[in-house]
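In what follows, a single structure is set out as structure tokens and then discussed.
Chains as they are written, first to last, in my numbering: chain A, 89 to 418; chain B, 399 to 733.
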């Protein structure tokens, strides 16, 4: 591709110390993100799926440099963001925003909507009060609320409406990239659809790119252009959304897809074959970390960790089984 | 003889709050046959959990109060029983599993004791007999090395394992009715699949009835044979699972089914926009004169605002609370 990608993540690793204290050494280290690389084009929605503890949230925060990586590199629009000083970083943050899962915890209950939505502007420019109010009114209508709502407090809104306020706040500085961490997981189905549609509309209108983090495969498949599946800190499969559910090439992806209960009483899912919990990231299994739960595991899987290899156009898999065929799992 | 195991009639449970009376459950009714799995579906605040708590006599009072109705379990009205009689049914004939296994297990009691407790209370087993049976049940719900884990505390187990302990606890007395309130909502999808498989296996083994409360239409489609849809404290539609998915009648049921993204949509081409149900659920405190869904309904017409519709019969076993049954020409073509 001739164009510079909007976001490039290279060999990102994040370890968290476990235990320890002021003088004590940590007992162990947890590798939450383990050697992750990918690139995001302008206008793309990149879906990140995985189960709890797989590192998807930490990866989202590393992208925005809300946590510092142990090693690796993040490039945003050609700039190495880890090399930037505090002031430069703050300016760059104007172009990258985040939306959190819990719309109850992520809005300050003592601030009016007007102040919440325009707060990011303080970091960037000094606007007169009336100017700010104009910006806020425009934004709040863009997300489907009314200008009259600007004088209310967060508790006066439902979960879906609060998430709209979070989105307006993220849009306030006209960012290029929004990292959305489980933005619809706390919402009811009918409200979830409203917020997903809104995000799709805003993406077109403001030429946004999204990193969309979720545990819900159906939602991620719906909204994303490409999908990365994470397991114990690594991306095990990366595929275009259009072919994601049809031809999973990694046994973990296949298991995840199979585990989703189909909203169709005519298609009963078979008893789920995979036993056991995901292993602890404190003491991950040798070789491919999925091998203890994998129905196809063989010797090489126990000894060597597979890396992400291209198997088809835009399709990458980290599995020793990979060949040009799919696993044939519907 | 009435073959129903559980019959709920005109049940109303209201909460008396400083800001007014919240009609959490407002005149609902449905029944459950022996061996049947009934899904109770709806979004947050529709009253599905309060319904479950009412059955077990667990609605907190004050502020909650059962205002009217009957809950017949094997032809006995549970609402008329005293605390002691209810205690004898709870945990023995009717048991319950909750969404959050961490808050519903006792954190300071080993799991073996917790699973054995109902046996000692209801079946008068000695402690050692009860512990032996608890170990067998923990093994049966596939807790690895169950015998060694009897002395473990809940915090030593993963979320999925805790839910297995909850299930063992609910099953030890071989209940006739299991009430499962969002049993897999807090779990990861692969663990959810394991727990659902386990529940299906135990259900056919014990031939019990299950009242499955969930917001997840996928879970209910896979588990239940009949479904009741609740909206704002009322039943808006009920019927056989296949009918509800193939020919839903109520605009709310239709809207819900269409608002959900489905795996595999993308393979069939770029998905259309998701169907939105505009607006939000009405407040349970304000009195509504007409249909509670009128404010969000795409087919709404004058009658809907004036008068509340009854649960009209739609077909064999299918009922819907919607004026479109009476005025079918008012239905607009679905977008």
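Where a beta carbon is used, it is the ideal one built from N, C-alpha and C, also for glycine.
Helix, strand or coil at residue i according to DSSP, with G and I counted as helix
{"i": "residue 417 of chain A", "result": "In this predicted model, residue 417 of chain A has a pLDDT of only 41, less than 50, meaning its place in the structure is not dependable enough to derive any value."}
{"i": "residue 666 of chain B", "result": "coil"}
{"i": "residue 243 of chain A", "result": "helix"}
{"i": "residue 545 of chain B", "result": "helix"}
{"i": "residue 412 of chain A", "result": "Confidence at residue 412 of chain A is low in this model, with a pLDDT of 43, below 50, so the placement of that residue should be treated as unreliable; the coordinate-derived value is given next. It is coil, neither helix nor strand."}
{"i": "residue 223 of chain A", "result": "helix"}
{"i": "residue 89 of chain A", "result": "Residue placement at residue 89 of chain A is flagged as unreliable, the pLDDT there being 49, under the threshold of 50; the coordinate-derived value follows with that caveat. The answer is coil: DSSP assigns residue 89 of chain A none of H, G, I, E or B."}
{"i": "residue 718 of chain B", "result": "strand"}
{"i": "residue 431 of chain B", "result": "coil"}
{"i": "residue 280 of chain A", "result": "helix"}
{"i": "residue 406 of chain A", "result": "coil"}
{"i": "residue 229 of chain A", "result": "helix"}
{"i": "residue 285 of chain A", "result": "helix"}
{"i": "residue 519 of chain B", "result": "helix"}
{"i": "residue 392 of chain A", "result": "coil"}
{"i": "residue 650 of chain B", "result": "helix"}
{"i": "residue 163 of chain A", "result": "strand"}
{"i": "residue 708 of chain B", "result": "coil"}
{"i": "residue 701 of chain B", "result": "helix"}
{"i": "residue 218 of chain A", "result": "helix"}
{"i": "residue 641 of chain B", "result": "helix"}
{"i": "residue 274 of chain A", "result": "coil"}
{"i": "residue 297 of chain A", "result": "strand"}
{"i": "residue 456 of chain B", "result": "coil"}
{"i": "residue 171 of chain A", "result": "helix"}
Start-to-end residues for the alpha helix (DSSP H) that takes in residue i
{"i": "residue 202 of chain A", "result": "201-210"}
{"i": "residue 620 of chain B", "result": "615-621"}
{"i": "residue 309 of chain A", "result": "305-311"}
{"i": "residue 563 of chain B", "result": "557-569"}
{"i": "residue 175 of chain A", "result": "174-181"}
{"i": "residue 386 of chain A", "result": "Unbroken run through residue 386 of chain A: none, as it is neither H nor E."}
{"i": "residue 494 of chain B", "result": "Here residue 494 of chain B belongs to no alpha helix (DSSP H); instead the beta strand (DSSP E) covers 492-495."}
{"i": "residue 626 of chain B", "result": "Unbroken run through residue 626 of chain B is the beta strand (DSSP E), 624-629; no alpha helix (DSSP H)."}
{"i": "residue 597 of chain B", "result": "587-604"}
Contacts of residue i in chain A (Cβ-Cβ under 9 Å)
{"i": "residue 613 of chain B", "result": "276, 277"}
{"i": "residue 500 of chain B", "result": "Chain A residues near residue 500 of chain B: none, gap ~13 Å exceeds 9 Å."}
{"i": "residue 493 of chain B", "result": "Per Cβ cutoff of 9 Å: no residues; residue 493 of chain B is ~23 Å from chain A at best."}
Contacts of residue i in chain D (Cβ-Cβ under 7 Å)
{"i": "residue 616 of chain B", "result": "Reference to chain D is not applicable here, since the protein chains of this structure are A and B."}
Listed by chain order, chain B residues near residue i by CB distance under 9 Å
{"i": "residue 129 of chain A", "result": "Per Cβ cutoff of 9 Å: no residues; residue 129 of chain A is ~18 Å from chain B at best."}
{"i": "residue 303 of chain A", "result": "586, 587"}
{"i": "residue 402 of chain A", "result": "Those do not exist, as residue 402 of chain A stays about 14 Å from chain B at its closest Cβ, beyond 9 Å."}
{"i": "residue 268 of chain A", "result": "Chain B residues near residue 268 of chain A: none, gap ~15 Å exceeds 9 Å."}
{"i": "residue 334 of chain A", "result": "662, 664, 665"}
Chain A contact residues for residue i, given Cβ-Cβ distances below 8 Å
{"i": "residue 619 of chain B", "result": "349, 350, 351, 352, 353"}
{"i": "residue 590 of chain B", "result": "347, 349"}
{"i": "residue 594 of chain B", "result": "349, 360"}
Where the beta strand (DSSP E) containing residue i begins and where it ends
{"i": "residue 185 of chain A", "result": "184-187"}
{"i": "residue 405 of chain B", "result": "404-415"}
{"i": "residue 632 of chain B", "result": "632-638"}
{"i": "residue 469 of chain B", "result": "462-471"}
{"i": "residue 266 of chain A", "result": "265-269"}
{"i": "residue 612 of chain B", "result": "607-612"}
{"i": "residue 397 of chain A", "result": "397-400"}
{"i": "residue 500 of chain B", "result": "Note, residue 500 of chain B: premise wrong, no beta strand (DSSP E); alpha helix (DSSP H) at 499-502."}
{"i": "residue 578 of chain B", "result": "575-579"}
Residue i: contacting residues in chain B (beta-carbon distance under 8 Å)
{"i": "residue 189 of chain A", "result": "Within 8 Å Cβ-Cβ: nothing; residue 189 of chain A doesn't reach chain B, min ~14 Å."}
{"i": "residue 284 of chain A", "result": "659, 672"}
{"i": "residue 357 of chain A", "result": "591, 620"}
{"i": "residue 363 of chain A", "result": "540, 592"}
Residue i: contacting residues in chain B (beta-carbon distance under 7 Å)
{"i": "residue 246 of chain A", "result": "678"}
Any non-hydrogen atom of the ligand SAH within 8 Å of residue i CB
{"i": "residue 612 of chain B", "result": "Although the ligand SAH was asked about, the structure shown includes no ligands whatsoever."}
Quiz item: At a Cβ cut of 7 Å, what residues of the segment 655-686 of chain B count as close to chain A, listed as they run along the chain?
Solution: Taking 7 Å as the Cβ-Cβ cut-off against chain A, the residues of the segment 655-686 of chain B that qualify are 657, 658, 659, 660, 661, 662, 663, 664, 665, 669, 671, 672, 673, 674, 675, 678.
Practice problem: Output, in sequence order along the chain, the residues in the segment 342-354 of chain A whose CB is closer than 9 Å to any CB in chain B. | Solution: Those residues of the segment 342-354 of chain A that come within reach of chain B (Cβ to Cβ, closer than 9 Å) are 343, 344, 345, 346, 347, 348, 349, 350, 351, 352, 353, 354.
Quiz item: Using Cβ-Cβ distances below 8 Å, what residues of the segment 97-121 of chain A are close to chain B?
Solution: Listed by position along the chain: nothing, the set is empty.
Practice problem: Could you run through the segment 440-469 of chain B and flag, in chain order, every residue whose CB is less than 8 Å away from some CB of chain A? | Solution: Of all residues in the segment 440-469 of chain B, the ones placed with a Cβ closer than 8 Å to any Cβ belonging to chain A are 441, 442, in chain order.
Self-check item: Unbroken stretches of the alpha helix (DSSP H), 4 residues or longer, contained in the segment 91-153 of chain A
Solution: If one requires a minimum length of 4 residues, the alpha helix (DSSP H) runs lying completely within the segment 91-153 of chain A are 144-151, in chain order.
Exercise. Taking only beta carbons into account, state which residues of the segment 542-567 of chain B come closer than 7 Å to chain A, listed in chain order.
Key: So the list reads 556, 558, given in the order they occur along the chain.
Quiz item: What residues from the segment 626-658 of chain B come within 7 Å of chain A, judged by C-beta to C-beta, listed N to C?
Solution: So the list reads 639, 640, 643, 653, 654, 657, 658, given in the order they occur along the chain.
Quiz item: Fully enclosed by the segment 300-365 of chain A, which beta strand (DSSP E) runs are 3 residues long or longer?
Solution: Within the segment 300-365 of chain A, the complete beta strand (DSSP E) runs of at least 3 residues are 314-319, 322-328.
Quiz item: Going along the chain, which residues of the segment 305-316 of chain A sit with their C-beta nearer than 7 Å to a C-beta in chain B?
Solution: The segment 305-316 of chain A vs chain B, Cβ under 7 Å: 305, 306, 307, 309, 310.
Practice problem: Would you list, in chain order, the members of the segment 128-153 of chain A that have their beta-carbon closer than 8 Å to a beta-carbon of chain B? | Solution: Against chain B - using a Cβ distance shorter than 8 Å - the residues of the segment 128-153 of chain A are 139, 140.
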